[in-house]
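Working notes, structure below.
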Amino acid sequence: MTIYPFLLAIGLPLVMALALIWPAARAMVWRMMPLAAVPALALALLGGAPVSMRGDWLVLGLTMGLDEISRLFVIFTAALWMAAGAAARHWMRDDTRATSFGVVFLMAMSGNIGLILSQDAVAFYAAFAMMSFASYGLVIHSRSAAAQGAARTYIGFVILGELALFAGLALATAQAGSILLADLRAAELSGIAVALMLLGFGVKLGVMPLHFWLPPAHGAAPAPASAVLSGAMIKAGLFGMIATLPLGLAAYAELATVMMAAGMVTIFAALLLGVQQDNPKTVLGFSSVSQMGIIALGLGAGLMVPAAWSAILPVLVFLAAHHALAKGALFLGTGAFAVQGSRGARVLIAAALLLPALVLAGLPFGSGALGKEALKAALYAGSEVWLPWLTLALTLSGVATTLLMARFAALLWLNPPKAPTARPDALALPFVTIAGASVGLPLIWPVLAQDLATPIEGAAPGALWPLALGVAIALGVAVHAYALRIGPAQFLAMLGAPYLALAQRAANHGAAKRRAARRLAHAVPRILAERALAWRLGQTAIAALIALVLAVEMVPLLWADEVPAPATPTIFDVLQGMN
Amino acid sequence: MNDPLVIFDLLLGGAIIALAIASLTVRDLFAAVVLFIIFGLLSALAWVRLSAPDVALAEAAIGTGVTGALLLKTLHHLRFVTGTLGHQSALSVTPHTPVPSGVIWANAAFCGLITLGLAVAFLGAPQAGPGFDALVSEAMPASGVEHPVTAILLNFRAYDTLMEVVVLLAAVIAVWQIERGLSDAPAPVMGEVWQGFARLVLPAIVVVGTYLLWAGAEAPGGAFQGGAVLAAVGLLLLLTRAYVPRPGHRGIARCAFVLGTVVFAAVALLVASGGRVAFEYPADHAKALILLIEGLVTISIAATLAALFHGREPVALRNKEDRNDT
Amino acid sequence: MTDAPLLPLFILLTSLLVSPVLFALPEHAARLRTGINLGMATLKVALVAWLSLKVAQGVVYDLRFEMLPGLEFKLQADPLALLFIALSALLWLITTVYSVGYLERGPHRARFFGFFSLCVAATVGIAMAGNLFTFLIFYELLTLATYPLVIHRGNAESLRAGRIYLIYTLAGGLVLLLGTLALWVLAGTTDFVPGGVLDSVAAERPLAAQLLFVVLIGAVGVKAALVPFHAWLPIAMVAPAPVSALLHAVAVVKAGAFGIMRVVYEVFGIETAQALGMTAPLAALAGVTIIYGSLRAITQDDIKKRLAYSTVSQVSYITLGVALASPIAAVGALAHLIHQGLMKITMFMAAGNLAEGLGVKKVSQMDGVGRVMPGTMLAFTLAALAMIGLPPLAGFVSKWYLAQGGLDAGATWVIALLLGSSLLNALYFLPMLHRAWFRDSAEGAEMPGRPRIGWMLAAPPITTALLVLVAGGFANAPFSPLEWTRFVVAIEYQE
Amino acid sequence: MMTIDPVTLAIFLPLFGAVAAFVAPRAAALIGLGTLALTAAAVGLLARDVIATGAVIVPLGGWGAPLGIELRADGLSVAMLVLSVAVGFLVSLSALDALKGPANARQRQYFWPLWLLLLTGMNGVYLSSDIFNLYVMIEIIALAAVGLTVLTGTRAAVRAGLDYMYASILGALLFLMGVGFIYLQLGRLDFAGLMDAEPTGALFAAVALMLVGLALKTALFPLHFWLPAAHANATAPASALLSGLVVKAALYIVLRLSQYMPFPSESLLTLIGVMGAGAVIWGGIQALRAERLKLLVAWSTVTQIGLIFVAFARAGEAGLTESWKAAALLILAHGVAKAAMFLAVGRIKDEVGHDTIRDLDRAPVRPTLAQFTFALAAISLIGLPPSLGFIGKWSLMEGAMAAGYWHWIAVTMIGTLMSVAYFSRVFAGFLRFDRVRGTVAEHQGWAVADAAPLALAAMAIALGLMAAPILNFIEIGYPFGEAK
Amino acid sequence: MTPDLIYGLTGIAVFAIGLVGALCAQDRLRRVLALKLCSVGAGFLLVVGAWRTPPMAPDPVPHALVITGIVVMVSATAVALALIRRLQTLESSDDDD
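Residue numbers (the numbering used here), protein chains in the order written: chain F, 215 to 793; chain Z, 5 to 330; chain C, 379 to 873; chain U, -17 to 466; chain E, 7 to 103.
Written out as structure tokens, the structure reads:
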């Protein structure tokens, strides 16, 4: 195996981006957009792992490769990019800034894939930076005031993050004496290096208080872009931490405490902030923040007790995949929903959206619930002091997510995002695929991850009650809000309205039937009476009754077994005697 | 078939049945009534064949004679007095919406079944079965009369006979009650010849009637037959206008109607003393009492039948009031 | 033995015989009519008091008269009967005062008061019926006597209501006839005997006994307004206020509830009924009725209809207490028979006053009425709070015993049921109180100054409201309804 | 001093009364009332005798059955006598008022003799023990009843009267034919002779003919066609007599025959019950449709007759020895209540001026007492306790239930509900006031004439309390116990 | 074959014919005729029942009964005919009512 497949995986999007500049090729490129990530996916699925290839003549000695972890990241990332590409192709069909979108989209894709495939710090940083900066173009795409503001925040945080990351990587490479990431992971890094890297990756991950860029950006970007931003790119933060930090080797208690506290705060603060939003995609963004809080919890636990890391790691990867698919599906679904023209189709899409939303919220047997349960199990190996709190937080995160999803659903229905005119079915297909994948993840994962899937397979299915509680609260809140809006009296009347309508309809139906029956009941006796009178049936009845009574009385007599012989001769006997 | 009379019986029976059918099916009502009268007479003849001369007499005189007269009078009334019929139809007194023939056939079928059933029952009944024969002959000596039918009518089952007279009384009261306020159109007047004939015949009829009454004690005949014959007198008087009922006659008429009933009932009660019950005539006075009752009852019957024929109560017509007397 | 063996008959006759007299009185002889009415009602209360004393001393009253071979018309004055008689006698007196005031210048007063007394006579007869046959007679009499009262106004609406009332109750009566016959044929007696008369039948032909139970309970359940036989009750609200008060508080629905008691305790016997497995479904049905009635009450805007649905719900407390087959619950049920009567009659008379004095017939018109008619609304408030079950009012006492009884019978769901029902009671009563006391009268609606309602209208609800207070506050005193109830239950449970 | 037994007097007194009333029309009313009072006294004496000694038998003419005719009074027949005399007396009182005034002079003149003849006939039926005598008696009843039917002389009345006449004659002739068959088979005509007869074809033929003839006369569905018009178009006292008493005569004969003849097989009884059920349902439907009050009441008679036959058939052949009591109770109940109801309707019609049910609530006049009477009578007819009608219905259902004949119970209950339905049509008319301008006062249109119907209606209710003694009484000497 | 057999069956036949007429006849007068036929049929039955083989005298009681029956029938016929006449008058005189 050579490095070329890796170069192809990274290069194809770049080549396509370049090709876009040439007008004649644009249509072709757009048509190929879904395929841009195919080499990466193929590499991950077909190439073995671990594998590491070196291209000495490139840069400072480019090293690319795959291990069990990165392979999985490539798979869900590439899949999500493919779906997003497919959606973007249609989303951007009539967009005047389609070309610029296409360029930054492909560049971000290239960077996202590249940073996962990279195995040396320089390449990693380069890819990471390319992805981050290219994404600015995605965020600002619409050029609206909101987008501009979001992009401003975004770029500010990106810069902050890149600076911190650069400093951290620099320190780390220095301390490890190697630019290979594997060496970084094996080295005793100083607290400051780790802290800087955590800061850099934390920006991407959106852990509070570094999250400010994330929800507006996700809200402002076009739906396909949001999907990859939320589904794929923020996972780069997680991947970065996994790939660069010496987790499982050394404990960084202070950093861990901060991380876990931030995670816990993130989970719930994101809820509080999220429910106040009125852009559904922004709500989804906050949901992502909240979810990344969970991941931060796991990371923090790993930082606190290195021994637990081996248990936590596969779970975090699974959670990343889960969130990527579910959230990607939700964003794509939002787009798909927005472009639907007919109400029926909207209802269908909304129903389909429920699936990833429920999975995200922790529907038992869904990937979200399994992930959380597996994480709880994994945390047993970690800090005993933190354990109950972490468990509680994880459990309640289900409620939080449910509420966010409810808010999202309500907003989506009441206030759908603007969308270009696009073929509704074309946007539905990528959404449905990813949604299906998100639902089916618990089944696919063991095949893909093999040994790493063990904790997931052994996890409990999860409890329904957080979800149910969330739903109940959401319903209560919704009802309350509605009641407040239209006034209690009217609300009560409305509550009763369907019942009353049903009762009214039943009553009407009954009344109609009764009227008909009454008409019949009036008509039949009248007709009968008239007929009987005209035909003098009463007279006929006289004869009929005599005949009937005679028959009733005499027929048994005729058929009786033994007729008692009359004592005196009968008239009939006389008659016989004559003959 | 050794008895030639059997053929006669068969023919007579057949004729009776044929006449019955004919009188119901013939289109002309007048013809129907005439056929019915013939039917009645033949029935009387048949009853003579069955050794029931009293019954035959009663049937001929009352069942056929008086009834026939009543029917003809009614027919006449319907045709000429009320004028509803005019020439329109001699077929029917009252035009109705026709009953579907299916219904009629159903009736006929049921009646056929009934005939069958009754015939079976009849054939299964004992021939010359038990009867009152022995009882009657045993009780005859104490009855006060010689003719058994009269004994039964006026002694053994006198209660029935009293009630029968009461039926007649009820009928005449009902008829007076029903018929009123009719326009007093002229009753049919007979020709001169008939009037003369009537004048000749009347005394003879009276004699015959009285004889019948008298004979009833020993031979066929009696109060009812006698009464019927006397009623014929009344009919003739009325028809010939030799007698025209007037309002002033009502009191007498009423007395005549009730005479038989009152005397019959009074005697029945009066004899009930000294341990006797009603109708228990003292043996030595039985014949006299019976004759008394019979005589007075005959007068009542005659008057009643004649009144039934005449119909309405003789009242002074006050046009408006009577017509609308409701 | 006893110095006045015919005392129960006299009590019956005080209202039965007065009825033809009232019919015959000319319309304008109002004074005389009022005098007769009040005199007889007072006499009856006195007689009942005397009778109570006698019965408490252990005197047994038993009057019989053979109507068909073996089948007797039988009056008895057992403690259970007395409970009901005392209630009806007392409330008759109060309602008579009220009706005299209410109908001051209305038409057809002779007819009204005639049927009114007949109605009370029927109620007393139902109470004292010594067997199901006699019960049936008075049960039908009650139907007939109340029908003219329901349609008293004589317009199309009241006739329609009357027709529905008649259909329900006469059908119920017919079914009761069937049940009585079946009881007669099966058991050979229709007597009310504590412990029941159907032990052997239940053992030999359980299916027949079960069917009989269903038939009898269904028949009396019509008057007790058990779901699904309740529909007549809210519709019958077109009647004049005193009639509604009497119908709902004393006569008709209580006759039904009383019938359920007689059937369960003295025809079947509580143990037999339990052995037949019929008490649990009955309790469930009562529970459904309690909740359903309350739910329907919430949405009613018409005051009387809201009260009517509340009655549907409240009367089933009695059924529930009977069906729980626990002596403690039975105490609650019997006490509720009295308490609910007092509470509901108060509310209906108050509602009548609102309609008479202010023309207020709907909940939505009640804004600020408390300030205009403080006495009436105070009575109403007291009764409503009692209904919700606030101690120390009467309603609390019966609910308390019902809850205890539920625990005693091992039916903890009863607690939840009672809590839920109290919550629902609050949901439909508190808004009324809120409107009456805490809201100003609606803008534009002209609230007349102090309405002129005579003392005859004002005093009765206040009196009954005080009784509500007393019955709850002095529940443990001798001769309180509760005490008497315990006495009765001891007999029925043969303790 | 003559001592005449009260049995004979019960028949002869009204007969003499009738004669006297016919001969002296001006004093007819006086004669009529006096006669009824005397007859009532005679019946009272007779009742005393019967209670004291059991059945009383008078062999008229001293001949004795089977040659002569015997009068026989037992509990049942005396009960029927009491019914006809008591109801008749009250109806007569009511007739005094209903037929007053010069416009009614003619009706008055004929009412009394016809009515007294009717009473003669009915008393004769109840005391007779000879089937041919019964035939004569029912003819007297028929003629007098037809006379009463057409008393008003309106076209509708005469037309109804003619139909009634045809039905009566035909019924009587069927009966007579049956008598012929009985004679053919047995050679005697007294009840005693029927008792031990072997069942043969001729007797069955007789049963068939007589049963149908009587059913026609008593208007059992589907042979009721003549009744509604006849009863609805007669004048009120006549309707009361016709509906309350006359149809009962034929019913009574059915009850008697059922005890004396090899009469009902199970299937025949079922047939009778089915016809009764048909009457209950069809009569109920027609009463619901009726537009005039009198017609409604007449149709109610059809249903009640049906109910009586259902009572007769309630427990099948085995229960027949008891079922007749239920039927008898219903006969008494209906006799009293229906007479009261027809009189009340007559009063209402007099006061209001019409009897169209639909317009009753438009009448500014509400004859309160008559309406009250109507309601009381309706209570008995519906069968609500404690009326006699209720007791009858109770007996009916009790026997049916004990025998397991649930279908008759169902029929009874359906009939009850239907009667509630059609009577409440009338109540609604009485009690609705919003279609009249101005107020309608209570106690309008009271008159002395209301006393008789009210008394009858009160009797219908109160007799229910006396059901036990009544039952004991009608069992005296029935069918042939304790005779001689 | 004896007279009782022949006339008995004749009587039954007449009765049945009368019955058909009484039930079906549309005409008022003819219905009266038909009823009268029925009565004659019934009379036949009784007279036949009374008949005894010749030397023996017939039973007189049924004869008396038949005579009574005939008188009763003529009374009923008279009333029915009076009703018919009255009705016809009413129907011909006015058409309201």
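Backbone N, C-alpha and C define an ideal beta-carbon position, used for all residues, glycine too.
Check: For Lys632(F), three-class secondary structure by DSSP; Outcome: coil
Check: Proximal residues to Ala419(C) (C-beta, below 7 angstroms), its chain only, five neighbours per side dropped; Outcome: Trp470, Leu471, Thr474
Check: Span separating the alpha-carbon of Pro584(C) from that of Gly266(U); Outcome: 37 angstroms
Check: Interface residues of chain E facing Thr784(F) [CB-CB closer than 9 angstroms]; Outcome: The contacting residues do not exist; Thr784(F) stays about 11 angstroms from chain E at best.
Check: CB contact check: Asn215(U) to chain Z, cutoff 7 angstroms; Outcome: no
Check: Option nearest Ala703(C) by Cα separation, candidates Ser672(C), Met639(C), Val690(C); Outcome: Met639(C)
Check: 7 angstroms Cβ cut-off: residues of chain E touching Ala757(F); Outcome: Leu25, Leu29
Check: Ala138(U) versus Ser150(U) - alpha carbon distance; Outcome: 18 angstroms
Check: Glu744(F) versus Trp208(U) - alpha carbon distance; Outcome: 14 angstroms
Check: Which of helix, strand or coil DSSP assigns to Asn484(U); Outcome: Examination of residue 484(U) is not possible in this model, given that chain U is present from -17 through 466 alone.
Check: CA nearest to the CA of Ala86(E), picked from Ala24(Z), Leu274(Z), Gly44(Z), Ala175(Z); Outcome: Ala175(Z)
Check: Supposed contact pair Val243(F) and Leu234(F) - C-beta distance, whole angstroms, cut 8 angstroms; Outcome: 5 angstroms
Check: Per DSSP, the bridge partner or partners of Gly269(F); Outcome: Leu276(F)
Check: Neighbour-count burial assignment, Gly566(C), 16 or more Cβ in a 10 Å radius; Outcome: exposed
Check: Buried versus exposed call for Ser578(C) [16 or more other C-beta atoms within 10 Å across all chains shown]; Outcome: exposed
Check: Any chain E beta carbon closer than 7 angstroms to Phe136(Z); Outcome: yes
Check: Distance, Leu172(Z) Cα to Ala227(Z) Cα; Outcome: 13 angstroms
Check: Stretch-stretch touch, CB-based, cutoff 8 angstroms, three pairs: the stretch 398 to 418 of chain F with the stretch 367 to 378 of chain F; Outcome: yes
Check: 8 angstroms CB neighbourhood of Thr16(E) in its chain, flanking five on each side removed; Outcome: Phe50
Check: Chain U contact for Phe283(Z) (CB, 7 angstroms cutoff); Outcome: yes
Check: 8 angstroms Cβ shell around Gly17(Z) - same chain, five flanking residues per side excluded; Outcome: Ala50
Check: is_contact[Arg92(E), chain Z] using C-beta, thresh 7 angstroms; Outcome: yes
Check: 7 angstroms Cβ cutoff met for Gly298(U) and Leu251(U); Outcome: yes
Check: Simplified DSSP assignment, three categories, for Thr548(F); Outcome: helix
Check: Other residues of its chain near Lys324(Z): CB distance less than 8 angstroms, five sequence neighbours each side excluded; Outcome: With a pLDDT of 42 at Lys324(Z), under the threshold of 50, the modelled position of this residue cannot be trusted; read the value that follows with caution. Cβ within range, chain order: n/a, list empty.
Check: Secondary structure of Ala617(C), DSSP reduced to three states; Outcome: coil
Check: Contact set between Pro61(E) and chain Z, taken where Cβ atoms lie within less than 9 angstroms; Outcome: Neighbours of Pro61(E) on chain Z: none; closest Cβ ~11 angstroms, over 9 angstroms.
Check: Local conformation of Phe857(C) per DSSP, three classes; Outcome: coil
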